[in-house]
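Residue numbers (the numbering used here): 815 to 1365.
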């Protein structure tokens, strides 16, 4: 809090900076308490907006862009007309606010930091000895300089080596003492629709904003509002060059564009298909043509929900079940058979009709509702667990995971713990071994006898043997570490791992070492992962269903 006599008509220049986006409250009053009261006039940040607030009235002044580390304002307060003109430090009018004023009894300024840190780079307040020239956002801007004494002198400022002079709007010339200048409002540059507006940001937090004139590998020329000619901004020490009004700025949320995530950062753009000479292409924001993707490290692409289309998904009547594999993959299908050696199935994505039964982790005979939510699609929701909970519903104090672990731990205490767990439609659990499945019936061996269930009476079957007793399959272990494979997540919750991938405008094709040729509609793709496929790259919750191993 700084005690200061505040005149009725005054000029205030404010520059606040921070190591992150500035967050602050500046209020006028006789004390800290009064300056933060509801009735006090305050300049404060509301998220990424700088606002004037007094009582129930709130007026937005300007936004704080991502990466901005300072806030600069120039205020002209006129108590007689109860108006406040707000300009940025280049003289650009931001707002003309009426009905807000500082009380004549206020005699201090209070600033509170609301963020990580805050530096007051500049805070000057002095009497305005003449009315401010009309310069609101709806009127033509008037070139002028502001004097340290509080007055204004209209016209353009011309500098020479030894002196300066002003030329007013009528063409009259007068000499001016540079020591008396408080602020210069340059208005030479006018924006045009065809101009490319840029911001050059430096590591020390400084920034230069204007229209791009030219650039090279060492420097950028920017036409600013304070120079008749473009100024040269050297790129040594620069943090980045931003192009305002690009597709990235027109869609700051990024909901209509795909995301490419790598170890060196995140890019917005569009994943393209059917590109000559490459399986996939990537078109960055602003690019006219897509680039061929040459992936040499771990890369993940998440498609926007607009690109995914539920209309291309198969009918659940035709393919009512889902097959969950030990590898983390999930396939929609209709189960046609099961033996100890193979699983028979029909799938909208596969040509092959049989796969090795050692890959099996779980079968859901009833497919849950579809969802475009990426997290749910990648970590496939398991509906069987809700039925399992019904058998232990009296244990209300336990979480879902604790109830499941308790069931599996009890199974481990048996002399011969089962290899599979079957869940019926009414929630009953049957421990045993999966013997066979036909198109209509499932047979479970339990307590030395075979029990048959109609498939429409079963929710599903889950393999619950510990990993240490599952027979090793070299093809599984080899494929899980293959660098040339790609993981694909689909909008129906399916997940596949394929290699030798190619694409057209409509389909993605590839080969799986577990189930052969795969063809997937482009519009059903939700996310994809390039690079080494580690065991935890793909995961579904049935992988946690296993009886604890006993020593």
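Each residue gets a CB set at the ideal place from its N, CA and C atoms; glycine is no exception.
Note that the structure is a prediction, hence the values are computed from the model and not measured.
Taking 7 Å as the cut-off, the beta carbon of residue 1272 is found closer than this to the beta carbon of residue 1256.
Approximately 15 Å separates the beta-carbon atoms of residue 1277 and residue 1144; this is outside 8 Å, ruling out the contact. For residue 1134, the CB contacts under 8 Å within the same chain, skipping 5 residues up- and downstream, are 1148, 1179, 1180, 1181 in chain order. Residue pairing of residue 877 in beta bridges, as defined by DSSP: 863. For the pair residue 1084 and residue 1322, the Cα-to-Cα distance works out to about 16 Å.
Selection 1320, 1090, 1106 evaluated against residue 1097 yields 1106 as nearest (Cα-Cα).
The three-state reading of DSSP puts residue 854 in coil, since its state is none of H, G, I, E or B.
Beta-bridge annotation (DSSP): residue 1021 is paired with 1015. Secondary structure at residue 1329: coil, using DSSP grouped into helix, strand and coil. Residue 896 carries a coil assignment under DSSP once its states are collapsed to helix, strand and coil. Of the candidates 852, 1337, 824, the residue whose Cα lies closest to the Cα of residue 897 is 824. Secondary structure note for residue 848: it is in no beta strand (DSSP E), and the uninterrupted alpha helix (DSSP H) holding it is 846-849. In chain order, 1150 place their CB closer than 6 Å to the CB of residue 1253, counting only its own chain and leaving out the 5 sequence neighbours on each side. The residue from 1245, 1236, 1155, 1247 with its alpha-carbon nearest to that of residue 1269 is 1236. In this structure residue 1141 does not touch residue 1153 by the C-beta definition: roughly 20 Å separates them, more than the 8 Å allowed. Each of 1300, 834, 1307, 821 was checked against the Cα of residue 1093, and the nearest Cα belongs to 1300. Relative to the Cα of residue 838, the nearest Cα in the group 1030, 1307, 924 belongs to 924.
For residue 1172, the secondary structure class from DSSP, reduced to helix, strand or coil, is helix. Contact check for residue 1010 and residue 1025: beta-carbon distance about 6 Å, within the 8 Å limit, so the pair qualifies. For residue 863, the CB contacts under 6 Å within the same chain, skipping 5 residues up- and downstream, are 874, 877 in chain order. Residue 855 sits close to residue 916, with the two beta carbons spaced by under 7 Å. Closest in alpha carbon position to residue 871, among 885, 895, 912, is 912. Per DSSP, residue 1167 lies in no beta strand (DSSP E) segment and is marked neither H nor E. Per DSSP, residue 842 is one residue of the beta strand (DSSP E) stretching across 838-842.
Between residue 844 and residue 929, the beta carbon gap of about 26 Å keeps them out of contact (Cβ cut-off 8 Å). Closest by C-alpha distance to residue 1137, out of 1113, 1167, 989, 1342, is 1167.
Nearest to residue 828 by C-alpha distance, out of 1035, 819, 841, 868, is 841.
Nearest neighbour of residue 1155 by Cα position, chosen from 1162, 1232, 1248, turns out to be 1248. For the pair residue 884 and residue 849, the CB atoms are not nearer than the 7 Å cut-off. Nearest in C-alpha terms to residue 1016, of all of 815, 890, 1053, is 1053. DSSP places residue 1259 in the uninterrupted beta strand (DSSP E) bounded by 1255-1260. Where residue 1075 is concerned, the enclosing beta strand (DSSP E) starts and stops at 1072-1076. Judged by their CB atoms, residue 1173 and residue 1328 are nearer to each other than the 7 Å cut-off. Buried is the label assigned to residue 1326, since at least 16 other Cβ atoms lie within 10 Å of its Cβ.
At the C-beta level, residue 1258 and residue 1274 stay beyond 7 Å of one another.
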